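Colleague: Those protein sequences? They're chains A and B, same order as listed.
If you read the first sequence in my numbering, its first letter stands for residue 1, the second for the next number, and so on.
If you read the second sequence in my numbering, its first letter stands for residue 1001, the second for the next number, and so on.
Glycine residues also receive a C-beta, built at the ideal position from the N, C-alpha and C atoms.
Please read all numbers here as calculations on a predicted model, not as lab measurements.
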Amino acid sequence: MDNLHEVWVYLSTLPLFHLTLTMVAYQIGLFVHRHGKSHPLLNPVLISVIIIVSLLIGTGTSYEQYFEGAQLVHFLLGPATVALAIPLYRQFHRVRRSTAAILVSVIVGGATAAASAVVLASILGASQQALVSIAPKSVTAPVAMGIAHELGGLPSLTAAVVIATGILGAMMGPTLLKRIGITDSAARGFAIGTASHGIGTARAAQENEIAGAFAGLAMGLNALATAILLPLLWRLIVGV
Amino acid sequence: MLHYLTLIFCCQLLGEVLVKSTGLPIPGPVVGMAILFAGLLARDAVPDDLSCTADGLIRNMSLLFVPAGVGVMLHAKMIGRDWLPISLSLVLSTALTIVVTAKLLVLLSPATGEAKEDG
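(1) Taking 8 Å as the CB-CB cut-off, is B/Gly1113 touching chain A?
(2) When you compare only the Cα positions, how much space is there between B/Val1106 and A/Leu232?
(3) Can you find the residues in the same chain that come closer than 6 Å, C-beta to C-beta, to A/Gly110, ignoring five residues on each side of it along the sequence?
(4) Just how far apart, CA to CA, sit B/Leu1013 and A/Asp2?
(5) Along the chain, where does the alpha helix (DSSP H) that runs through B/Pro1029 open and close?
(6) Would A/Trp8 be called buried (16 or more neighbouring beta carbons within 10 Å of its own) or exposed?
(7) Residues of the region 182 to 207 of chain A with a CB closer than 8 Å to any CB of chain B: list them in chain order, please.
(8) May I have the straight-line CA-CA distance separating A/Ile102 from A/Ser138, to the nearest angstrom?
(9) Determine whether the beta carbon atoms of B/Gly1015 and B/Gly1023 lie at a separation below 8 Å.
(10) May I ask you to list, following chain order, the residues of the region 32 to 49 of chain A that have a beta carbon less than 7 Å from some beta carbon of chain B?
(11) Grab the span of the alpha helix (DSSP H) containing A/Asn222 for me, first residue to last.
(12) Just curious, the alpha helix (DSSP H) that B/Met1001 is in, first and last residue?
(13) Given A/Val118, which residues of its chain have a CB within under 6 Å of its CB, disregarding the five upstream and five downstream residues?
(14) Going by CA-CA distance only, name the one from A/Ile199, A/Met219, A/Arg97 and A/Leu229 that's closest to B/Pro1067.
(15) With a threshold of 8 Å between beta carbons, is A/Val293 in contact with chain B?
(16) Note the first and the last residue of the continuous alpha helix (DSSP H) segment covering A/Leu56.
(17) Do you know offhand how far A/Thr22's Cα is from B/Ala1111's?
(18) For A/Pro174, name the three-state secondary structure that DSSP assigns.
(19) Do the CB positions of A/Tyr89 and B/Leu1041 come within less than 8 Å of each other?
(20) Can you tell me whether A/Glu209 is buried or exposed? The criterion is at least 16 other CB atoms within 10 Å of its CB, across all chains shown.
(21) Relative to the C-alpha of B/His1003, which residue among B/Ala1054, B/Ile1035, B/Val1017 and B/Val1030 is closest?
(22) Is B/His1075 close to chain A? Criterion is C-beta to C-beta, closer than 8 Å.
(23) Under 8 Å: do the region 1057 to 1065 of chain B and the region 144 to 156 of chain A share three or more Cβ pairs, one atom per stretch?
(24) Going by beta-carbon coordinates alone, are B/Leu1090 and A/Val161 separated by less than 8 Å?
(25) Kindly list, in the order they appear in chain A, the residues whose Cβ is closer than 7 Å to that of B/Val1100.
(26) Does the count of Cβ pairs from the region 45 to 55 of chain A and the region 90 to 101 of chain A closer than 8 Å reach three?
(27) For B/Asp1082, return the contacting residues in chain A, with the cut-off set at a CB-CB distance below 7 Å.
(28) If the cut is a Cβ gap below 7 Å, which residues of chain A does B/Ser1051 touch?
(29) Put B/Asp1049 into one of helix, strand or coil per three-state DSSP.
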């Protein structure tokens, strides 16, 4: 038993251990997703997060210690975002053909995301600070946290709702769009990217390249539109 | 492969520097994406190896969100007493945003004969 404990102490300090844990948990998530006939509730990100969180809580490991290994995976988010330029370039002829439609859709979609979240949460009795923190929920995390900070919200709460929104959009998006009869890949990707930023974009890219390209474009445009418009409108309407 | 990965890193770094020096309200990697996109437009072609490198990153992009997701769930108690209104509004608002955005884009897009081919 003592030996086992020593091995564990050694393992838990190795960055490789938590990196491997992350990869293995994701493989399990993918496996369950595939064997569950890609049911929307069996989202691979959600499954791997649940597996890892249970293990961390069970072993009393801190997030800081876990992140020491996991940051290698986390780090690649930046380069992956840059790489979205390639599908975007390959689909540029489609983008150029509907520039006006794209701009109107992202502004209306981004406004819907912020306004509906704030109005609904307000009706349901959330505090003023919670409202500010969830307003930028559909925007990619670093931008959303900046907006929340600027308007007096809690950036850490914003980070949580942004990730939750991303997973929700990735889970619901494809099924929901199918149900309302949207088959056009560009519109599917664009809607998922607008509503649920990078996590949605990652999901849309699994459908096909057109969906991935439009999702990445929507994520970038919505970050820009919300960062500019939300603080202006918030001050205008709420008057703080 | 490696030199295209280096190129992607350079674009991101340039993006981060631009954001820092201009105060643009968007993240460095998104600016990096715009820089790489501009470069591709100027060159008017995507090298095969760059496509491979990028596709590898994008295909597995979901994995890259796992560490952030773990952080959020470990700190879920921070959502505090407002968890019910917040969760309900996130679900409804996300669904509404997807429906509105998709319907609007389809409605406003110039009619094309090829729209169905990709579905």
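Modeller: Short version:
(1) Its pLDDT being 47, under 50, B/Gly1113 is placed unreliably by the model, and the measurement read from it follows with that caveat. Chain A contact via Cβ: absent.
(2) Looking at the two C-alpha atoms, the distance is approximately 29 Å.
(3) Cβ neighbours of A/Gly110 beyond the five flanking positions: Asn222, Ala225 and Thr226.
(4) Rounded to the nearest whole angstrom, the CA to CA distance from B/Leu1013 to A/Asp2 is 47 Å.
(5) DSSP places B/Pro1029 inside the alpha helix (DSSP H), whose first and last residues are Gly1028 to Arg1043.
(6) A/Trp8 should be labelled exposed.
(7) Listed in sequence order: Ile182, Thr183, Asp184, Ser185, Ala186, Ala187, Arg188, Phe190, Ala191, Ile192, Thr194, Ala195, Ser196, Gly198, Ile199, Thr201, Ala202, Arg203, Ala205 and Gln206.
(8) Answer to the nearest angstrom: the Cα atoms are 17 Å apart.
(9) Not closer than 8 Å, so no.
(10) Residues of the region 32 to 49 of chain A with a Cβ closer than 7 Å to any Cβ of chain B, in chain order: Pro44, Val45, Ser48 and Val49.
(11) For A/Asn222, the uninterrupted alpha helix (DSSP H) segment begins and ends at Glu209 to Val238.
(12) Here B/Met1001 belongs to no alpha helix (DSSP H), and DSSP marks it neither H nor E.
(13) Answer for A/Val118: Leu131 and Ala135, listed in chain order.
(14) The candidate whose alpha carbon is nearest that of B/Pro1067 is A/Ile199.
(15) This structure leaves residue 293 of chain A out entirely; chain A is present only between 1 and 240.
(16) Where A/Leu56 is concerned, the enclosing alpha helix (DSSP H) stretches over Pro44 to Thr59.
(17) C-alpha separation (whole angstroms): 44 Å.
(18) Under the three-state reduction of DSSP, A/Pro174 is assigned to helix.
(19) The answer is yes: Cβ separation under 8 Å.
(20) Residue burial is scored here from C-beta neighbours: A/Glu209 has at least 16 other C-beta atoms within 10 angstroms and is therefore classed as buried.
(21) From the listed residues B/Ala1054, B/Ile1035, B/Val1017 and B/Val1030, the smallest Cα separation to B/His1003 is found for B/Ala1054.
(22) It does: the Cβ of B/His1075 has a partner Cβ on chain A nearer than 8 Å.
(23) Contact fails between the region 1057 to 1065 of chain B and the region 144 to 156 of chain A, because fewer than three Cβ pairs, one in each stretch, are under 8 Å apart.
(24) In this structure, A/Val161 lies closer than 8 Å to B/Leu1090 by Cβ.
(25) Counting only Cβ-Cβ distances below 7 Å, B/Val1100 has contacts in chain A at Val108, Gly109 and Thr112, in chain order.
(26) No contact exists between the region 45 to 55 of chain A and the region 90 to 101 of chain A.
(27) Neighbours of B/Asp1082 on chain A, chain order: Ala126, Ser127 and Ala130.
(28) Ile86, listed in chain order.
(29) Look at B/Asp1049 here: in three-state DSSP terms it is helix.
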